[in-house]
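Notes follow the structure.
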Amino acid sequence: MLQSLVEQGRADEADEIRSQLEGLDREIEKVDFRSANIRAGYVYVISNIGAFGDRMVKIGMTRRLEPMDRVRELGDASVPFGFDVHALFFSEDAVTVEADLHRRFADKRVNRVNTRREFFYASPAEVRDVLSEVAGNLLEFTEEPEAEQYRLSLQMAESEKDSVIVSGGDRE
1 MLQSLVEQGR ADEADEIRSQ LEGLDREIEK VDFRSANIRA GYVYVISNIG AFGDRMVKIG
61 MTRRLEPMDR VRELGDASVP FGFDVHALFF SEDAVTVEAD LHRRFADKRV NRVNTRREFF
121 YASPAEVRDV LSEVAGNLLE FTEEPEAEQY RLSLQMAESE KDSVIVSGGD RE
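So the sequence shown is numbered by the UniProt record's numbering: it starts at 1 and just counts up by one.
This is the structure in structure tokens:
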């Protein structure tokens with residue numbers, strides 16, 4: 001088929017299809033690797049200061065091809081704001097990395113009854129320090145959460161409070 005496109009003078013279309021096929025081959029290789037290596041996955045460190053304050057993080061892992069899907073899922077309607085990502089990285093042994101982090105923060109675990117709840121009383125900086133020991137060099141770690149909706153909500157609430165005070169002061 002590709003040769004036929006080239007013969008018809010449609011080499012650009014053939015190149016585009018060839019590029020798409022190469023991309024699909026790479027994705028198939030990733031899936032094959034993950035299925036053969038069930039310990040592989042993404043480790044993530046996330047927080048939600050609007051819901052839990054600035055001294056609580058969730059340390060988890062996912063095997064999903066798109067790890068941000070998991071983060072978005074966690075920030076669904078059950079919490080008032082979405083989660084901020086501090087670290088998200090691929091590891092061939094994500095199971096061990098996650099278990100090591102959970103072990104190192106065991107004394108800071110929020111729910112000590114159900115250990116599948118992976119929340120810890122820790123700052124992102126504390127996790128970063130331990131994570132660099134456990135996983136080596138991190139490509140990227142965001143210490144300060146963006147928390148855009150939370151911060152905008154605070155500003156709006158403050159603005160509304162100020163307008164109530166101003167309008168309330170004008171009444172007699």
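The beta-carbon is built from N, C-alpha and C at its ideal position, and this holds for glycine as well.
Does the distance from the CB of F83 to the CB of L74 come in under 7 angstroms? Taking the sequence shown and counting its residues from 1, the one referred to as residue 83 is at position 83. Taking the sequence shown and counting its residues from 1, the one referred to as residue 74 is at position 74. Yes, they are a contact pair.
So L101 and V134 are supposed to be a Cβ contact under 8 angstroms. How far apart are they, rounded? Here residue 101 refers to the residue found at position 101 when the sequence shown is read from its first residue. Here residue 134 refers to the residue found at position 134 when the sequence shown is read from its first residue. Yes, they are in contact, since the Cβ atoms of L101 and V134 sit about 6 angstroms apart, within 8 angstroms.
Use the C-beta contact count for E13: other C-beta atoms within 10 angstroms, 16 or more gives buried, fewer gives exposed. Working through the sequence shown from its first residue, we reach residue 13 at position 13. Flag for E13 reads exposed.
Would you decide whether E172 is buried or exposed? Buried here means 16 or more other CB atoms lie within 10 Å of its CB. Position 172 of the sequence shown, counted from the first residue, corresponds to residue 172. Below a pLDDT of 50, predicted positions are generally treated as unreliable, and E172, at 46, falls in that range; the measurement from the model is reported next regardless. Burial call: exposed.
Identify the continuous beta strand (DSSP E) that holds T62 and give its terminal residues. Looking up residue 62 in the sequence shown gives position 62. Per DSSP, T62 belongs to the beta strand (DSSP E) from 57–62.
Among S91, F52, A99, whose alpha-carbon lies nearest the alpha-carbon of A147? Here residue 147 corresponds to residue number 147 of the sequence shown, with the count starting at 1. When the alpha-carbon of A147 is set against those of S91, F52, A99, the nearest one is in F52.
Beta-carbon proximity list for V45, same chain, < 6 angstroms, skipping 5 on both sides: Here residue 45 corresponds to residue number 45 of the sequence shown, with the count starting at 1. Cβ within range, chain order: V57, I59, H86, A87, V127.
Just list the residues that DSSP pairs I46 with in beta bridges. As a working note, residue 46 is residue 46 in the sequence shown. In the DSSP assignment, the residues bridged to I46 are K58, V85.
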